[in-house]
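Enquirer:
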Amino acid sequence: MKRTTLALASVALLAAGYTGTASAQAKEQFVPANGYWVGPYAPGGSGIFGGFLDYLKMINARDGGVNGVKFTWEKCETEYNNARGVECYERSKKKGPTGATMIHPLSTGITYSLIEKGTADKIPIVSIGYGRTSAADGRVFPYVFPLITTYWSQATAMIKFIASKEGGTAKLKGKKIVLVYHDSAYGKEPHAVLQKMAEQYGYELTLLAVPHPGNEQQSQWLQIRQIKPNWVILWGWGVMNPTAIKAAAKIGFPRNKMIGVWWSGAEEDVIPAGSAAKGYMAAGFNISGANFPVIQDIKKNVYAKGEGEMEDQSRIGSIFYNRGVVFAIVTVEAVRKAQEKYGKGQSMTGEQVRWGLENLDISEAYLKKLGATGFMQPLKVSCLDHEGGGQVKFQQWDGTKWNVITDWITADKALVRPMIEEDAAKYAKEKGITPRDCSKES
Amino acid sequence: MTFFIEVLAGGLLAGVMYSLVALGFVLIYKASGVFNFAQGAMVFLAALTFVSLLEMGWNFWLALLVTLVVMVGVGVLTERIVLRPLVNQPPITLFMATIGLTFVLEGLSQMVWGSQPHGLELGIADVPMEWLSEKWNINISKFDLFAAAVAGVLVASLAVFFQKTRIGRALRAVADDHQAALAVGISLQHIWAIVWAVAGFVALVAGMMWGVRNGVQYALTFTALKALPVLILGGFESVPGAIIGGLIIGASEKVAEVYLGPYVGGGIESWFAYVIALVFLLVRPQGLFGEKIIDRV
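Protein chains in written order, with this note's numbering: chain G, 1 to 442; chain X, 1001 to 1297.
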């Protein structure tokens, strides 16, 4: 019955564009929840925004908000569609007493569409684990935050991981690596980095495109059978992921030689593949599990009162759900940081929260305080570096759950950073932007 | 050469999967002249209902039977609520109605069963047959052969149904000439309800096969896109056309992707199928097995 009610709300949401607000507060901090709860990518969208909103509810219920300022939000269905994403942005940017705190577009395409708008409107665009990698150069992109880790960082961490399995980077020479990628801007993001590393380490890289939506991959996997690679990197999304895992089984390619990007490494990617997914590995900037104190706090303060977002409570603690909690931790801590500078107990503007994001320092000790030790990596953002982290863990599916198999692996920043700066400088030149002097930022 | 045979065989077997979806389109078009845009959504609804019932602990056959009842119900309701009020309207109106039906079915499916992906196993592993791999170094999946056998049985059953049963003859009569069929006392509404119910059954079979391959999730609605070039090539009114069309499309797109793809950046198979279909359209607009329309002017 509850499912039906929720689904009816989703249909209404489609028609009206949003589902209403949380109750108005005297002191409130408005955060748009522009995501997707219907359509092909609903499993990702509903899981991430489920965790995101549950954490905000928990902060409101347990702590009374941040210094008395409670979070409010409004859902807007983007359907993972650029035009609707921009529409949702326009609708939500002036809501609340101080406008939108920040936007989590949850789509690389929508992020690209909002880079200039967010900058002009002074609303931070936060793209955690997606979006434009070179926006990590905060001198050129003051309002864009591809936080925690970027696609390029991840690609280098994947090669490091493969090297560790092969016995060191020297052993990569002559090895064959195939990248099976979603034929879109998202899927093409790691090409340059992987090619550069191929020149550096001497492995042979083959790029195989899979047309959208990726529900038929026989040709690509027959080519893989002929190439006989040592490793396959899967850069997929949605139905492409289980289809690839099944196709690998179909040609007899070992799943424990197959590594997915973090958008190919959720329960929703492996469960549909059934037993074929056993042994498959994926990168992640957050891990799964419901035993973390932060998740237990959500259960205690939100679900015990029947106010949780997830109808299927078995999804609490899943990869997507926990990722949403990470998004929310960053949101809350940026507001807290901004309040330290601009006034405790006050609603912050987008411009003030931008400062908060740029000065975020979530240390290991602070993560412990949040009940999130090991749940996410420490994060230190600066004017120069809008990524702040750059580490990933690797996990392996055992047929029923993800198991973490590495500690945090740091990206090859010496390789990635010059590429980021080069691309950002090119963007600045195209748009006539004068990069900020970070030494003058306080 | 071995690799080429493998690509070709894989393509032909993939084509069978496309044909399974295309059959549903053909049945409805053949009997009513309606291009049912909602066939992909019916595949999704059928598979999602079936797998959800299984996950609730239902017996396989009971879940299958109940899903079949649901699909027949959807077919009958579609005839009553959508098609009957639109009798004698232009074909484009009926086509637009099926577009609306697509979104209703997609929304209803997720409303009732949720939007989470599900795994589906039918007890036949989607892994290569070892003896073929070892002896000839050719990889053919057991499940692909099973799907081909299912398609064969389905086509044979439909052929018997159309040729040997009274309802089947009535269906053919309606397909040939609505007015003449009405004149001899055949109920158009009755026939349409039956054919939509049969299309629902075909959607269930296609949904189960595709569900095993990709998981049961919203993306099953995209299978309709795979069926379109098959229909253009095979003809909208021909059951054998759907099969032959599927085989040609499946084989050509795989061969093109493997041998032509690397020269143009890859990822060409989805649109290459439409290139073949367009070429056929230019040469033979009615498709390989479609009826040539000759109007007296």
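Virtual Cβ for every residue (Gly too), placed ideally from N, Cα, C.
Is it true that the segment 92-111 of chain G meets the segment 346-353 of chain G, where meeting means three or more beta-carbon pairs spaced less than 8 Å apart?
Expert: Yes, the segment 92-111 of chain G is in contact with the segment 346-353 of chain G.
Enquirer: Specify the secondary structure class of GLN352 (chain G) as computed by DSSP and reduced to three states.
Expert: Reduced to three states, the DSSP call for GLN352 (chain G) is helix.
Enquirer: GLU77 (chain G) by DSSP, collapsed to three states: which one?
Expert: In this structure, GLU77 (chain G) counts as strand in the three-state DSSP scheme.
Enquirer: May I ask you to verify whether the segment 1101-1121 of chain X touches the segment 422-440 of chain G, counting CB pairs closer than 8 Å and requiring at least 3?
Expert: No, the segment 1101-1121 of chain X does not touch the segment 422-440 of chain G.
Enquirer: Using a cut-off of 8 Å between C-beta atoms, extract the partners of PRO211 (chain G) located in chain X.
Expert: Per Cβ cutoff of 8 Å: GLY1267, ILE1268, GLU1269, SER1270, TRP1271.
Enquirer: If contact is defined by three or more beta carbon pairs under 8 Å, each pair taking one atom from either stretch, is the segment 126-138 of chain G in contact with the segment 64-72 of chain G?
Expert: Cβ pair count under 8 Å is below three, so no.
Enquirer: Only counting the same chain, and skipping five residues up and downstream in sequence, which positions put a Cβ closer than 8 Å to that of ILE1005 (chain X)?
Expert: Closer than 8 Å at Cβ, skipping near neighbours: ILE1138.
Enquirer: Which term fits THR5 (chain G), buried or exposed, when burial requires 16 or more other beta carbons within 10 angstroms of its beta carbon?
Expert: Because THR5 (chain G) sits at a pLDDT of 47, beneath the cut-off of 50, its placement in the model cannot be relied upon, and the point is left open.
Enquirer: Out of X:LEU1048, X:ALA1273, X:PHE1025, which one is the CA nearest neighbour of PHE1037 (chain X)?
Expert: Considering only alpha carbons, the answer is X:PHE1025.
Enquirer: Please name the residues in the segment 237-252 of chain G whose beta-carbon is closer than 7 Å to at least one beta-carbon of chain X, in chain order.
Expert: Answer in chain order: GLY238, VAL239, PRO242, THR243, LYS246, ALA249, LYS250, ILE251, GLY252.
Enquirer: Which residue wins for smallest C-alpha separation from VAL180 (chain G), given the options G:GLU189, G:PRO43, G:LYS173, G:SER107?
Expert: Considering only alpha carbons, the answer is G:GLU189.
Enquirer: Identify the contact partners of LEU222 (chain G) in chain X, using a Cβ-Cβ distance below 7 Å as the criterion.
Expert: Correct list: GLU1006, VAL1007, GLY1010, VAL1258.
Enquirer: Grouping DSSP H, G and I as helix and E and B as strand, with all else coil, what is VAL31 (chain G)?
Expert: In this structure, VAL31 (chain G) counts as strand in the three-state DSSP scheme.
Enquirer: Taking a contact to mean a Cβ-Cβ separation below 8 Å, would you say VAL38 (chain G) touches GLU77 (chain G) in this structure?
Expert: Yes, these two residues count as a Cβ contact at 8 Å.
Enquirer: Label SER23 (chain G) either buried or exposed according to how many other C-beta atoms from any shown protein chain fall within 10 Å of its C-beta, with 16 as the threshold for buried.
Expert: Caution applies to SER23 (chain G), whose pLDDT of 43 falls short of 50 and renders its modelled position unreliable; the model cannot decide the point.
Enquirer: Which of helix, strand or coil does DSSP assign to PRO40 (chain G)?
Expert: Of the three classes helix, strand and coil, the one that applies to PRO40 (chain G) here is coil, per DSSP.
Enquirer: List, in order along the chain, the chain X residues whose C-beta lies closer than 7 Å to that of PRO40 (chain G)?
Expert: TYR1218, ALA1219, listed in chain order.
Enquirer: Per DSSP, what kind of secondary structure is ASN286 (chain G) in: helix, strand or coil?
Expert: Of the three classes helix, strand and coil, the one that applies to ASN286 (chain G) here is strand, per DSSP.
Enquirer: Against chain X, with Cβ distances strictly below 8 Å, would ARG3 (chain G) count as a contact?
Expert: Residue confidence is low: ARG3 (chain G) scores 49 on pLDDT, short of 50, so the model does not pin down where it sits. Its coordinate-derived value is still stated next. For ARG3 (chain G), the answer is yes, since a Cβ of chain X falls inside 8 Å of its Cβ.
Enquirer: Using the C-alpha atoms, what's the distance from GLY1250 (chain X) back to PHE253 (chain G)?
Expert: Taking the straight line joining both Cα atoms gives about 23 Å.
Enquirer: Looking at TYR36 (chain G): is its Cβ nearer than 8 Å to the Cβ of ILE329 (chain G)?
Expert: Not closer than 8 Å, so no.
Enquirer: Mapping DSSP to helix, strand and coil, what is LEU207 (chain G)?
Expert: Looking at LEU207 (chain G) - three-state DSSP - the assignment turns out to be strand.
Enquirer: Among X:ARG1213, X:LEU1231, X:VAL1195, which has the Cα closest to the Cα of ILE1276 (chain X)?
Expert: For ILE1276 (chain X), the nearest C-alpha among the options comes from X:LEU1231.
Enquirer: Compute the distance between the beta-carbons of ILE1191 (chain X) and ALA1159 (chain X), then report whether it is under 8 Å.
Expert: Not closer than 8 Å, so no.
Enquirer: Mind checking SER107 (chain G): buried by the 16 CB within 10 Å criterion, or exposed?
Expert: By the neighbour-count rule (16 or more Cβ atoms within 10 Å), SER107 (chain G) is buried.
Enquirer: Have a look at GLN25 (chain G) and GLY236 (chain G) and give me their C-alpha separation to the nearest angstrom.
Expert: Residue placement at GLN25 (chain G) cannot be trusted, given a pLDDT of 45 that sits under 50; what the coordinates show is reported in the next sentence. Those two C-alpha atoms are separated by around 41 Å.
Enquirer: Would you mind working out which of G:SER164, G:ALA170, G:THR133, G:PHE141 sits nearest THR149 (chain G), comparing C-alpha positions?
Expert: It is G:THR133 whose Cα lies nearest to the Cα of THR149 (chain G).
Enquirer: Please classify TRP1058 (chain X): does DSSP put it in a helix, a strand, or coil?
Expert: Residue state, collapsed to three classes: coil.
Enquirer: So which residues on chain X does GLU351 (chain G) lean against when the C-beta distance must stay under 7 Å?
Expert: By Cβ distance, chain X contributes nothing, its closest Cβ being about 36 Å from GLU351 (chain G), past 7 Å.
Enquirer: Going residue by residue through the segment 250-298 of chain G, where are the continuous beta strand (DSSP E) segments of at least 3 residues, counting only ones entirely within it?
Expert: Correct list: 258-260, 281-284.
Enquirer: Which residues of the segment 1100-1128 of chain X have a Cβ closer than 9 Å to any Cβ of chain G? Give them in chain order.
Expert: From the segment 1100-1128 of chain X, only GLU1106, GLY1107, LEU1108, GLN1110, MET1111, VAL1112, TRP1113, GLY1114, SER1115, GLN1116, PRO1117, HIS1118, GLY1119, LEU1120, GLU1121, ALA1125, ASP1126, VAL1127, PRO1128 have a Cβ closer than 9 Å to chain G.
Enquirer: At which residues does the alpha helix (DSSP H) containing ASN82 (chain G) begin and terminate?
Expert: That run of the alpha helix (DSSP H) goes 82-92.
Enquirer: Assess contact between the segment 1177-1186 of chain X and the segment 1006-1017 of chain X, defined as three or more Cβ pairs (one per stretch) separated by less than 8 Å. Is contact present?
Expert: Contact between the segment 1177-1186 of chain X and the segment 1006-1017 of chain X is absent, because fewer than three Cβ pairs lie under 8 Å.
Enquirer: Determine, for LYS1135 (chain X), whether the minimum Cβ-Cβ distance to residues of chain G falls below 8 Å.
Expert: With 8 Å as the cut-off, LYS1135 (chain X) does not count as an interface residue toward chain G.
Enquirer: Assuming the contact rule is C-beta atoms closer than 8 Å, ASN230 (chain G) and LYS196 (chain G) should be a hit. Round their C-beta distance to whole Å, please.
Expert: That belief does not hold up - the Cβ atoms of ASN230 (chain G) and LYS196 (chain G) are roughly 19 Å apart, past 8 Å.
Enquirer: Put ASP121 (chain G) into one of helix, strand or coil per three-state DSSP.
Expert: Helix.
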